[in-house]
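Numbering (the numbering used here), first residue to last: 1 to 82.
Okay, structure first, notes after.
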Amino acid sequence: MIDVLYFAWVRERIGLPKERIETAAPTVAALVEELSAREDRYAAAFADLSALRVAVDQDLADFDAPLVGVREVAFFPPMTGG
Numbered sequence: 001m002i003d004v005l006y007f008a009w010v011r012e013r014i015g016l017p018k019e020r021i022e023t024a025a026p027t028v029a030a031l032v033e034e035l036s037a038r039e040d041r042y043a044a045a046f047a048d049l050s051a052l053r054v055a056v057d058q059d060l061a062d063f064d065a066p067l068v069g070v071r072e073v074a075f076f077p078p079m080t081g082g
């Protein structure tokens, strides 16, 4: 089981802040494909991956990051500082 967290507009489009899912996806990208196939709201949230960042077990990662042994994946828009 993996906890999937959604932040900012990603959470607004999906309608959930967090969910626990069972997946056999080997990478974050495969997880995104699996989620996008669920419902239109997921497909809308993941339509443009260049507008998203991902963290795996609270470390920034790429979409090709492996999910073996991972407990948490978080999706959020890019951050800007000031």
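We put the beta carbon where it would ideally sit given N, CA and C, even for glycine.
Where the beta strand (DSSP E) containing residue i begins and where it ends
i	result
Ala45	Taken as a continuous stretch (DSSP letters only), Ala45 belongs to no beta strand (DSSP E), being part of the alpha helix (DSSP H) at 40-45.
Integer Cβ distance of residue i from residue j, believed to fall under 8 Å
i	j	result
Pro26	Leu67	6 Å
Arg13	Arg38	Rounded, the Cβ-Cβ distance is 13 Å, inconsistent with contact.
Span of the alpha helix (DSSP H) around residue i
i	result
Glu34	28-36
Under 8 Å between C-beta atoms of residue i and residue j
i	j	result
Phe75	Val56	no
Phe141	Val10	It is not possible to answer for residue 141, since the shown part of the chain is limited to 1 through 82.
Proximity to residue i [Cα-Cα], best of the options
i	options	result
Ala8	Leu16, Ile2, Met1	Leu16
Ala30	Phe46, Arg41, Asp59	Phe46
Met79	Arg71, Ser50, Ala44, Glu72	Ser50
| Are at least three pairs of beta-carbons, each pair with one atom in the region 30-42 and one in the region 12-22, less than 8 Å apart? | Put simply, the region 30-42 touches the region 12-22. At least three CB pairs are less than 8 Å apart.
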